[in-house]
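Read left to right, the sequence shown gives residues 144 to 350 (this note's numbering).
Heads up, the beta-carbon is just placed ideally off N, CA and C, and yes, glycines get one too.
Reading through the C-alpha cells given below for one structure.
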Amino acid sequence: MDYFNYLRSFIKRDSVFIEDLESLSSGRDDIQPSVEPELGKFLGLVIRLTNAKKVLEIGSGVGYSALWLGEGVKITGGRVVTVDNHERTHKEVVKNITNAGLDNWVEKKLGNAEDIIETLGGDWDLIFQDAGKYLYPLLHNKIVDLTRTGGLIIADDTMFKMNPDVRKGLGDHMDKYNKMVFADSRLYSTILSVGHGVTISMKMGVE
Ligand SMILES: C[S@@+](CC[C@H](N)C(=O)[O-])C[C@H]1O[C@@H](n2cnc3c(N)ncnc32)[C@H](O)[C@@H]1O
Numbered sequence: 144m145d146y147f148n149y150l151r152s153f154i155k156r157d158s159v160f161i162e163d164l165e166s167l168s169s170g171r172d173d174i175q176p177s178v179e180p181e182l183g184k185f186l187g188l189v190i191r192l193t194n195a196k197k198v199l200e201i202g203s204g205v206g207y208s209a210l211w212l213g214e215g216v217k218i219t220g221g222r223v224v225t226v227d228n229h230e231r232t233h234k235e236v237v238k239n240i241t242n243a244g245l246d247n248w249v250e251k252k253l254g255n256a257e258d259i260i261e262t263l264g265g266d267w268d269l270i271f272q273d274a275g276k277y278l279y280p281l282l283h284n285k286i287v288d289l290t291r292t293g294g295l296i297i298a299d300d301t302m303f304k305m306n307p308d309v310r311k312g313l314g315d316h317m318d319k320y321n322k323m324v325f326a327d328s329r330l331y332s333t334i335l336s337v338g339h340g341v342t343i344s345m346k347m348g349v350e
C-alpha cells in the first residue's frame, strides 16, 4: 500500500450518503471536484472541536463537503448555509442534502456568493471557501468581517500556485489570497498540505 492509500484507509466516512456521493461523483467531468475525504473529515473535526454552530460554505458543488459539514452541525446543534451560483449543480445539492436527511441542518442558497454574503448577518463560527478561485482575494475582507472573533476561515486549494497541472491564473489568485491572509494582522494563520492545500485562519480579538 502506498503513502496515500495508507492515509486514506483510516478516513471513515461520517455517513453512508458521503460514501454514496463519492461513488456517484467519481469519473464525472460535468461537475467541479469535491474536497478530499481527508479535508471532509478535517472540517467535521473542526466543527466538533470548536462547537461551531454557524457554518457558511461558499461553493456547494454537488454537496459533498456540505454532507461532512452537515453531519458536524448535527452534533453541535448548529446549521450550515451553503451557496452556489450554478443552477444545475444547485439542484443536485438540494437533492443530495435531502437524500442524506440533512434538510434541517443545511440550507442551500442559489446565487452569486458575492451578492449573497451581502445579505447575511455576521458572527459565523466557520466559513469554508471553495468557490471560484478569483473570489478568494475579492471576498477576503468581507469574509473576515463576517467571521466572529475566535472563528475560523478555511480556504481550499490554496497551494494551486505550486501545482504545475493547474492553470497559472488560478494559482495567481491563490497566491494573492495567501499573501493577503498572511499580511492580515486580524488573523492567525497556517497552511496545511492536505489535498491542494488548505489555508486556515483564526480571527483574533485585537484588530
Ligand atoms: C470546487 S466546487 C465546490 C465543491 C464543494 N465544496 C465540495 O467539496 O463538494 C466550486 C463551486 O463553486 C461554484 N461557484 C463558482 N463561482 C461562484 C460564485 N461566484 N458564487 C457562488 N458559487 C460559485 C461553482 O458552481 C462550483 O459548484
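ASN255 Cβ short of 7 Å to ligand 1 heavy atom set:
yes
As an exercise, report each continuous beta strand (DSSP E) stretch of at least 3 residues that is fully enclosed by the stretch 235-315, in chain order.
For the beta strand (DSSP E) assignment, the uninterrupted runs of no fewer than 3 residues enclosed by the stretch 235-315 are, from N- to C-terminal side, 249-253, 267-272, 290-299.
In chain order, each alpha helix (DSSP H) run of at least 4 residues that lies wholly inside the stretch 165-194
For the alpha helix (DSSP H) assignment, the uninterrupted runs of no fewer than 4 residues enclosed by the stretch 165-194 are, from N- to C-terminal side, 180-193.
Checking 8 Å against the spacing of the C-beta atoms, do THR225 and VAL205 come in under that value?
No, Cβ-Cβ distance for THR225 and VAL205 is not below 8 Å.
Taking only heavy atoms of ligand 1 into account, decide whether any of them is closer than 7 Å to the Cβ of TYR146.
Every heavy atom of ligand 1 is 7 Å or more from the Cβ of TYR146, so no.
Limits of the unbroken beta strand (DSSP E) element including ILE201
197-201
Compute every distance between the C-beta of HIS316 and the non-hydrogen atoms of ligand 1, then say whether any falls below 7 Å.
In this structure, HIS316 has its CB at a distance of at least 7 Å from all heavy atoms of ligand 1.
Using the C-alpha atoms, what's the distance from ALA274 back to ASN228?
Roughly 9 Å between the two C-alpha positions.
Using only CA atoms, which one of ASN321, ARG291, ASP318, THR232 lies nearest to LYS196?
Comparing Cα-Cα distances from LYS196 to each of ASN321, ARG291, ASP318, THR232, the minimum goes to ARG291.
With respect to the alpha helix (DSSP H) encompassing ILE218, which residues constitute its N-terminal and C-terminal limits?
For ILE218, the enclosing alpha helix (DSSP H) covers residues 207-219.
VAL223, DSSP secondary structure in three states:
In the structure shown, VAL223 sits in a strand (DSSP, three-state: E or B).
What does the alpha-carbon distance come out to for the pair GLU235 and ARG222?
For GLU235 and ARG222, the gap between their C-alpha atoms comes out near 19 Å.
Closest to GLY202 by C-alpha separation, out of GLY312, ASP300, THR241, ASN194, would be which residue?
Out of GLY312, ASP300, THR241, ASN194, ASP300 has the C-alpha closest to the C-alpha of GLY202.
Mind checking whether the beta-carbon of VAL178 lies closer than 7 Å to any heavy atom of ligand 1?
yes
Thinking ALA256 and TYR279 are a contact (beta carbons under 8 Å), I'd like their distance in whole angstroms, please.
Actually they do not touch by this definition, with Cβ atoms about 11 Å apart.
Hey, could you find the ends of the alpha helix (DSSP H) ASN148 is sitting in?
146-151
Which whole-angstrom value describes the C-beta separation of GLY265 and LEU289, a residue pair presumed to lie in contact below a C-beta threshold of 8 Å?
5 Å
Can you tell which of GLY348, ILE334, VAL337 has the C-alpha that lies nearest to the C-alpha of SER328?
Closest option to SER328, Cα to Cα, is GLY348.
Helix, strand or coil: which one does DSSP assign to LYS319?
helix
Contacting residues, own chain, Cβ-Cβ under 7 Å from LYS319 (five flanking each side not counted)
The residues are PRO280.
Which stretch, first to last residue, makes up the beta strand (DSSP E) that contains SER158?
Run containing SER158: none; DSSP gives neither H nor E here.
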